[in-house]
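Peer 1:
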Amino acid sequence: MEPRKIIPAVSVAVVRGMTVLLVKRARPPSQGLYAYPGGKVEPGETLAQAAARELKEETGLEAGDYQPLRDIHIDGRAENHAVDYLLTVFGAAYVGGEPVASDDAETAAFYTLEEMAEMPLAGDVFEVAEELLGDKRK
Numbered sequence: 002m003e004p005r006k007i008i009p010a011v012s013v014a015v016v017r018g019m020t021v022l023l024v025k026r027a028r029p030p031s032q033g034l035y036a037y038p039g040g041k042v043e044p045g046e047t048l049a050q051a052a053a054r055e056l057k058e059e060t061g062l063e064a065g066d067y068q069p070l071r072d073i074h075i076d077g078r079a080e081n082h083a084v085d086y087l088l089t090v091f092g093a094a095y096v097g098g099e100p101v102a103s104d105d106a107e108t109a110a111f112y113t114l115e116e117m118a119e120m121p122l123a124g125d126v127f128e129v130a131e132e133l134l135g136d137k138r139k
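Shown next as structure tokens:
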């Protein structure tokens, strides 16, 4: 069997106080689930540049202090994709403004961990939020 193509992708978890920015995905993958804004890395972009671009395209926001948090292999076969994705999740600090959903985001807003516990979330979204916000609860 031929190995599957792996596409680099990014997402960014923007922290504002005790909340994290989530978008409701309007298209696959993870359509209808809440996730961090993100998408594919364009040719010539660094991972951090791609994360900043995707954040701006999906929510209109800018953030600072981008830090890579984890890499997640996403098997595209689960949603009938011909490729897999290597998703680098970034944490970033809120700079200002209010999110406005656009591009492939249906909604965009900041949520607490308690709110997120009741929402349909993609993959490792809750675990990443716990890591980012857990340090602030102490």
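The sequence shown begins at 2 in this note's numbering and counts up by one. Note that beta-carbon positions come from the ideal geometry of N, C-alpha and C, so glycine has one too. Given the structure is predicted, the values throughout are model-derived calculations rather than measurements.
(1) By a C-beta neighbour count over all protein chains shown, 10 Å radius and 16 as the cutoff for buried, is residue 60 buried or exposed?
(2) Between 52, 37, 36 and 119, which has its C-alpha nearest residue 43's C-alpha?
(3) Measure from the alpha carbon of residue 87 to the alpha carbon of each residue in 41, 45, 113 and 115, then state which is nearest.
(4) When you compare each of 132, 3 and 12 to residue 49 by their alpha carbons, which one comes out closest?
(5) When you compare only the Cα positions, how much space is there between residue 77 and residue 128?
(6) For residue 110 and residue 74, I'd like the C-alpha separation in whole angstroms.
(7) Helix, strand or coil for residue 20? Go by DSSP, reduced to three states.
Peer 2: Here's the rundown:
(1) Stepping through the sequence shown from its first residue, residue 60 is reached at position 59. Buried, since its Cβ has 16 or more Cβ neighbours within 10 Å.
(2) Here residue 43 refers to the residue found at position 42 when the sequence shown is read from its first residue. That would be 52, whose Cα lies nearest to the Cα of residue 43.
(3) On the sequence shown, position 86 is the one that residue 87 refers to. Comparing Cα positions, the closest option is 41.
(4) Position 48 of the sequence shown, counted from the first residue, corresponds to residue 49. Among 132, 3 and 12, the Cα nearest to that of residue 49 belongs to 12.
(5) Here residue 77 corresponds to residue number 76 of the sequence shown, with the count starting at 1. Here residue 128 corresponds to residue number 127 of the sequence shown, with the count starting at 1. The straight-line gap from Cα to Cα measures roughly 21 Å.
(6) Counted from its first residue, the sequence shown places residue 110 at position 109. Counted from its first residue, the sequence shown places residue 74 at position 73. For residue 110 and residue 74, the distance between alpha carbons rounds to 26 Å.
(7) Sequence index remark: in the sequence shown, residue 20 carries index 19 (1-based). Of the three classes helix, strand and coil, the one that applies to residue 20 here is strand, per DSSP.
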